[in-house]
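Note that the numbering used here has the sequence shown beginning at 92, numbered continuously upward.
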Amino acid sequence: MQTVKMGYRGVSLLIGLNWDRFFSVGTVLVGLMAGAIFGNMIVNP
């Protein structure tokens, strides 16, 4: 049981440390998608 708790803490720490990185990548992807949609609207009205 102690090993399970330690493993869970390790995964929780890993997610906590990488949360900003996931958020940054997600923000960039949303921005690129929005730019593609608006660019397509401007070029093909």
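The C-beta atom is built at its ideal place from N, Cα and C for all residues, glycine as well.
If you reduce the DSSP assignment to three classes, tell me which class asparagine 131 lands in.
helix
In whole angstroms, what separates the C-alpha of leucine 120 from that of glycine 107?
C-alpha separation (whole angstroms): 21 Å.
If you draw a straight line from the alpha carbon of glycine 122 to that of arginine 100, how long is it in whole angstroms?
33 Å
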